[in-house]
Amino acid sequence: MKLYLKVWRQEHRDSKGGMISYEVDGISEHMSFLEMLDLLNERLIQKGERVIEFDHDCREGICGACGMMINGRAHGPLTGTTTCQLHMRSFNDGETVYIEPFRATAFPVLRDLKIDRSAFDHIIQSGGYISASTGQAPESNSIPIAHEVTEAAFDAAACIGCGACVATCKNSSAALFTSAKISHLVLLPQGKLESADRVVSMVNQMDTEGFGHCSNTEACEVECPQEISVLHIGRMNYEYNKALALRK
Amino acid sequence: MIDAKIPAGDLADKWNNYKDSSKLINPANRKKLDIIVVGTGLAGSSCAATLAEQGYNVKSFCFQDSARRAHSVAAQGGVNAAKNYKNDGDSVYRMFYDTIKGGDFRSREANVYRLAECSLALIDQAVAQGVPFAREYGGYLNNRSFGGVQVSRTFYARGQTGQQLMIGAYQALMRQVSAGKVKTYTRHEMLDLVLIDGKARGIIARNLETGEIERHVANAVVLATGGYGKVYYLSTLAMGCNSSAIWRAHKKGAFMSGVSWIQFHPTCLPQIGETQSKLTLMSESLRNDGRIWVPKKAGDERVPNDIPEEERDYYLERRYPTFGNLSPRDISSRAAKERIDAGCGVGPMKNAVCLDFSKAIREQGRDKIEEKYGNLFRMYDKINGVDAYKEPMLISPAAHFTMGGLWVDYDLMTTIPGLFALGEANFSDHGANRLGANSLLQSCVDGYFIAPYTIPNYLSGELKAEKVTTDHPAFIDAENNVREQLNRFLNLKGHLSADHFHKTLGKLLYDKCGLSRTRKSLEEAIVEIRSLKKSFDHELKITGDEGVNSELEKAGRVSDFLELGELMCHDALQREESCGAHFREEYQTPDGEAVRNDKDFCYVSAWEWKGEAVEPELHKEPLVFETVKLTVRSYK
Ligand SMILES: Cc1cc2nc3c(=O)[nH]c(=O)nc-3n(C[C@H](O)[C@H](O)[C@H](O)COP(=O)(O)OP(=O)(O)OC[C@H]3O[C@@H](n4cnc5c(N)ncnc54)[C@H](O)[C@@H]3O)c2cc1C
Ligand code: SF4
Ligand code: FES
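As given, the protein sequences belong to chains F and L, one line each in that order. Under the numbering used here, the first residue of the first sequence carries the number -4, and numbering increases by one thereafter. Under the numbering used here, the first residue of the second sequence carries the number 14, and numbering increases by one thereafter.
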């Protein structure tokens, strides 16, 4: 099949970018979306042009590196799917496809579709961990944890840190990402002890990084490839208010 | 002769003896010591975090945009530990034995015993960090059994065990960043190792965001840069996985071992087109209920569902009646290749075999199968657009795990003093074949529990070493070499992309140094790789500039893969036996089983770099078995 692409090209962090048109033919429906871009890049090299830069690594939906806005939707038309897992059979011959980077003040563009997501690392650094140094751990079966609790913690811990939630949110809020970490850790007995400080610190860090506030549109959940639930945002707010109320 | 420095004493006491007598550094002095850790996978993150907790200053490097994305994140199945929670007779010794045997008696007893011993603490550590391992309804940890062993010792977090362990290690690392003990350098690629007075004292790295070439100095350097299975281009590895860090260290004097011992995973999605970039792994657990077959007749053009039962060859059940569809990875992969080569492959490229659930669905019901493997069937559908409840999955062996890597001694130190190698980047614990769920373990154990003892032991001798800065001529030299190579790539006036060379090399290695090899195929491969390298040096074309440039990154990696590929062939050629993943067609029984030669090859081959297109030099580390008896590894 043949597609008409409009791709965001931008030289540097500070330069002005724009949409550039490309026609790509010879696409097979079995290709992944990123393989389609590989094909285009191979042709750009032949023409002596700079390739389209995009982040990717595992190409199996787990590292969270890939991610772009495809026809205005984070990771493209399917739900529960990363860009690398999206295949060309989801597109029609002759279609025009708009490809842009994830956009947010806290995610500056580096080049083309590559963005800087280090703000997510900063949020985790502000408290998204359990303080258990190597050597301190007790015997692992000494604290039983209910099956359902572990499963619920897992659901939250499954976040791949891709940033689709931020890119989808009209406020560029990182609430889904942050709350998934809050939930993961607060649900487990090991993580409860530090929960008050953690939630206050992480929520403040979101503001510092320049993410917007959550206004409960729930758009993020729809585009999250790991189907992380917005209920975690509710838990984060609850934990945050509890922490503030109990603070002396 | 190279010395592995195995501590004295009984097998079960060696590690304790080591710890009891290793040298300590007082906390005030730890603050004065800097350590570079390249890699943020399980091995790198855990090592960097633990050293920082101890008080050392750590610089942590990775090429991804966040430490959390290292390829450890992709491991699905689980992690082994000899906890014996199932009360099924497991023990440290049994796990040690299974691992030694699984590796076809080509690993060191002392290292493997330590791996099993430290497995207990790893589960404790991970749980304390918040890793949500599967639990029983009573709240205790659950286990399952995994490839080729009779006990249930595998801990798992759904099909995302690697991701969950990785997040635990990443968060421990981030905690140390906020404590000011670790500085992270993401989007940085190590391009050379710097030696001063014969010791590892720093690295040259390229900032992949700005293109700047940076010098970093330290008292010791740790390489935890993962496996190099991507040398085959099509593999289960991530696109960025590479050998550059270990290869450049090799060229600076670190020996490489087990270089050609590559595990091919039997249950991966086959290649279906020329533009394909990745062979996705489907969990091996599918083999518990799926039956593997190919048509009896070569060149059968019918779709699998149209082939009647009596015309199907369930070749694993036929050849290995005891283990059948659950035969170990190397054996299953080789058997598939044998049938595919005989013309019995299925699928559009005739390169796959069927993994059929119809019997299981008939006997257990679709619901049951859906409950067990629903997510895998969904993933299969997502990638292929095929409903595997209705037709067999098509699977095929793919390059997956590298048993080989930098040679290390018991301290995990390479032949270069002060240079350590951890995780998949070293060669040490898996012998010629790795058992499933043992490598997450090895990466974690290396990083959390071993290196934090052995590195200080080394550093204690470095307290009085001369202080060096990045102005040292060795740094200037190394930086110049890196710059020269990058400029050469950018200025080449060729016409072929880095991917073109990578794909060509990958195909060549699959054919000639893959699941099976012969003297002839390897000799041919060496000649062909040399000529491919020549063509690469002249006909490569890189567009773009020194800034963000993924093509420039690829060029360096492919250049190293080409040299590594040649060493793989030398390694496979020199070892005139079949063992584990290394199957030399000349050495097999009449019914196609591997023939190991303990008389002549019971040693580790450690290769020394001698220059481009020059034969490498072989050093031998004899393998001494004091505890186990060498037997034939049979799964008939
Ligand atoms: C699909 C898949 C499934 C698997 N499933 C299992 C399983 O179920 N159980 C099991 O035990 N094992 C499994 N394995 C194997 C296991 O995951 C790996 O062996 C292990 O995670 C390797 O960890 P590591 O820390 O050594 O390397 P990695 O996690 O690969 O990390 C390598 C790090 O090095 C960095 N790096 C590399 N080169 C450079 C450079 N030049 N400069 C700077 N940084 C660099 C990378 O950025 C990265 O941070 C699986 C492997 C794959 C591919
Ligand atoms: S919450 Fe979902 S969308 Fe947001 S970073 Fe995590 S996986 Fe991506
Ligand atoms: S490339 Fe890893 S999630 Fe898409």
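Beta carbons: idealized from backbone N, C-alpha and C, even for Gly. Quantities reported herein were computed from a predicted structural model and do not represent experimental measurements.
Between the CA atoms of residue j and residue i - distance to the nearest angstrom
i                 : j                 : result
Phe462 of chain L : Ala80 of chain L  : 20 Å
Glu297 of chain L : Glu492 of chain L : 44 Å
Ala624 of chain L : Lys264 of chain L : In the sequence as displayed, the identity of residue 624 of chain L is Gly instead of Ala. Taking the straight line joining both Cα atoms gives about 8 Å.
Gln498 of chain L : Ile94 of chain F  : 34 Å
Leu432 of chain L : Trp306 of chain L : 47 Å
Pro341 of chain L : Lys649 of chain L : 11 Å
Ala348 of chain L : Gln89 of chain L  : 24 Å
Ala267 of chain L : Cys60 of chain L  : 20 Å
Glu559 of chain L : Val495 of chain L : 13 Å
Met197 of chain F : Gly59 of chain F  : 21 Å
Ile468 of chain L : Trp28 of chain L  : 15 Å
Ser473 of chain L : Val105 of chain L : 31 Å
Asp137 of chain L : Gly312 of chain L : 53 Å
Glu134 of chain F : Met63 of chain F  : 43 Å
Phe390 of chain L : Trp622 of chain L : 46 Å
Cys157 of chain F : Gly175 of chain L : 17 Å
Gly286 of chain L : Gly519 of chain L : 15 Å
Asp20 of chain F  : Ser85 of chain F  : 16 Å
Ser273 of chain L : Thr53 of chain L  : 25 Å
Val481 of chain L : Pro40 of chain L  : 22 Å
Cys160 of chain F : Glu437 of chain L : 33 Å
Met362 of chain L : His583 of chain L : 30 Å
Val674 of chain L : Asp459 of chain L : Not covered by the structure: residue 674 of chain L. The range shown for chain L is 14 to 649.
Close Cβ partners of residue i (< 6 Å) along its chain, the five nearest in sequence each way excluded
i                 : result
Arg300 of chain L : Asn338 and Leu339
Lys212 of chain L : Pro430 and Gly431
Ala251 of chain L : His84
Gly181 of chain L : Ala139, Gln142 and Val144
Cut-off 7 Å between Cβ atoms - residues of its own chain near residue i, not counting five sequence neighbours on either side
i                 : result
His208 of chain F : Asn166 and Ser168
Leu407 of chain L : Pro283, Val359, Gly360, Ala365 and Cys367
Arg332 of chain L : Ala348
His485 of chain L : Ile209
Glu222 of chain F : Gly75
Buried or exposed by the 16-neighbour rule on C-beta atoms within 10 Å, applied to residue i
i                 : result
Asp422 of chain L : buried
Ser174 of chain F : buried
Ser34 of chain L  : exposed
Lys36 of chain L  : exposed
Thr602 of chain L : exposed
Asp150 of chain F : buried
Asn439 of chain L : buried
Glu260 of chain F : No answer is possible for residue 260 of chain F: it lies beyond the span of chain F, which begins at -4 and ends at 243.
Gly57 of chain L  : buried
Arg43 of chain L  : buried
Gln131 of chain F : exposed
Val162 of chain L : buried
Arg112 of chain F : buried
Whole-number beta carbon distance between residue j and residue i, since they are thought to touch under 8 Å
i                 : j                 : result
Ala450 of chain L : Thr167 of chain L : 5 Å
Leu46 of chain L  : Asn232 of chain L : 5 Å
Phe74 of chain L  : Ala218 of chain L : 6 Å
Asp573 of chain L : Ser256 of chain L : 5 Å
Val92 of chain L  : Leu186 of chain L : Going by Cβ atoms, the distance from Val92 of chain L to Leu186 of chain L rounds to 18 Å, so no, they are not a contact pair.
Val561 of chain L : Glu90 of chain F  : Incorrect: roughly 29 Å between the Cβ atoms, too far for contact.
Asp52 of chain F  : Arg82 of chain L  : 6 Å
Thr112 of chain L : Leu128 of chain L : 7 Å
Contacting residues, own chain, Cβ-Cβ under 8 Å from residue i (five flanking each side not counted)
i                 : result
Cys281 of chain L : Thr249, Leu292, Thr293, Leu294, Met295, Ile408, Ser409, Pro410, Ala411 and His413
Pro465 of chain L : Cys60, Thr63, Leu64 and Gln67
> Using a beta-carbon distance cut-off of less than 9 Å, what residues from the stretch 36 to 50 of chain F approach chain L?
Replying inline: Asn36, Glu37, Leu39, Ile40, Gln41, Lys42, Gly43, Glu44, Arg45, Val46, Glu48, Phe49 and Asp50
>> If the cut-off is 7 Å on Cβ atoms, which residues from the stretch 132 to 158 of chain F count as contacting chain L, listed in chain order?
In response: Within the stretch 132 to 158 of chain F, the residues whose Cβ lies closer than 7 Å to some Cβ of chain L are Ala132, Pro133, Glu134, Ser135, Asn136, Pro139, Ile140, Ala141, His142, Thr145, Ala148, Phe149, Ala152, Ala153 and Gly156, listed in chain order.
>> If the cut-off is 8 Å on Cβ atoms, which residues from the stretch 189 to 217 of chain L count as contacting chain F, listed in chain order?
In response: Val190, Ser191, Thr197 and Thr199
> When you check each C-beta in the stretch 79 to 90 of chain L against every C-beta of chain F, which residues fall closer than 7 Å?
Replying inline: Ser79, Arg81, Arg82, His84, Val86 and Ala87
>> Closer than 9 Å between beta carbons: that is the criterion. Which residues of the stretch 554 to 569 of chain L meet it against chain F?
In response: Against chain F - using a Cβ distance shorter than 9 Å - the residues of the stretch 554 to 569 of chain L are Lys554, Ile555, Thr556, Gly557, Asp558, Gly560, Val561, Asn562, Ser563 and Glu564.
>> Please list, in chain order, the residues of the stretch 271 to 289 of chain L that have any C-beta partner in chain F closer than 9 Å.
In response: Ile285, Gly286, Thr288 and Gln289
> Which residues, in chain order, does the stretch 138 to 151 of chain L contribute to contact with chain F at a C-beta distance below 9 Å?
Replying inline: Answer set for the stretch 138 to 151 of chain L: Gln138, Ala139, Val140, Ala141, Gln142, Gly143, Val144, Pro145, Phe146, Ala147, Arg148, Glu149, Tyr150 and Gly151.
>> Beta carbons nearer than 7 Å to chain L: which residues of the stretch 177 to 188 of chain F have them?
In response: Listed by position, the residues of the stretch 177 to 188 of chain F near chain L (Cβ gap below 7 Å) are His179, Leu180, Leu183, Gln185 and Gly186.
> Listed from N- to C-terminal order along the chain, which residues in the stretch 243 to 256 of chain L have their beta-carbon within a distance smaller than 9 Å of any beta-carbon of chain F?
Replying inline: Within the stretch 243 to 256 of chain L, the qualifying residues are Thr249, Leu250, Ala251, Met252, Gly253 and Cys254.
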